[in-house]
Amino acid sequence: MREAQVLDRCLDKYMMWSRQKINKGKSSIHFIKNFSRSAIVPICDLLQLKKMPTKAKHLGLPLLIPRSKRLALEELKERLFAKLLGWKAKLLSQAGRATLIRSAAASLLAYSMSFFYLPLSWCSDVARAMKN
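See the structure below:
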């Protein structure tokens, strides 16, 4: 509990020095698995933060990546595949569809790769879907 009070003072100093305010309605705190369950609620109350859900996302990407990145990135792949299928159904020329696929996939993948390495098998699946 003492560490939470120190963290609260640090956040207060940050707000004072930077003249920025932390939006506690949008902020949350993550606890490791073996953290004392009885201490979580008092710490959240003290810091006025909610406990971050395990499957929390920021701009469409998971904040917490489990050991299996493949499972964590499955939803991202499904979103991309849904876009590809939607464009395939529309009456676009082959060249127009290819350009649209390359630009959308490139931006989505570049953004994802700026945060973490994508497994090679995952990239192969996406490349195969883009070719079809």
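With the working numbering applied, the sequence shown covers 39 to 170. For glycine and all other residues, C-beta sits at the position ideal for the given N, C-alpha and C. Source: prediction; values computed, not measured.
- Message: Assuming L109 is part of the alpha helix (DSSP H), what are its boundary residues?
- Response: K107 to A110
- Query: Would you say L87 and K95 are within 8 Å of each other, going by their C-beta atoms?
  - Reply: The answer is no: Cβ separation not under 8 Å.
- Query: Which two residues bound the contiguous alpha helix (DSSP H) that contains Q43?
  - Reply: R40 to S56
- Task: Please confirm whether I78 and K89 have their CB atoms less than 8 Å apart.
- Result: yes
- Between V44 and K115, which are expected to be in contact by the criterion C-beta below 8 Å, what is the C-beta distance as a whole number of angstroms? Contact flag wrong, Cβ pair sits at about 41 Å.
- Could you give the distance in angstroms between the alpha-carbon of R135 and the alpha-carbon of K93? 33 Å
- Message: Taking only three categories from DSSP, how would you classify L99?
- Response: strand
- Nearest-angstrom Cβ-Cβ length linking L147 and L111, presumed shorter than 8 Å: Rounded, the Cβ-Cβ distance is 11 Å, inconsistent with contact.
- Task: Along the alpha helix (DSSP H) that carries G134, what are the first and last residues, could you check?
- Result: Q132 to M151
- Rounded separation between S200 and P91 - CA only: Coverage of the chain is limited to positions 39 through 170, which leaves residue 200 absent and any answer about it impossible.
- Query: Do you know how far the Cα of W55 is from the Cα of I139?
  - Reply: 46 Å
- Task: Mind reading off the beta-carbon distance from K107 to F154? Whole number of angstroms is fine, and I expect it under 8 Å.
- Result: 7 Å
- Query: Given a threshold of 16 other Cβ atoms within 10 Å of its Cβ, counted over all protein chains shown, does I70 qualify as buried or as exposed?
  - Reply: Its Cβ having fewer than 16 others within 10 Å, I70 is exposed.
- Where does I60 fall in DSSP's three states? If DSSP states are grouped into helix, strand and coil, I60 belongs with coil.
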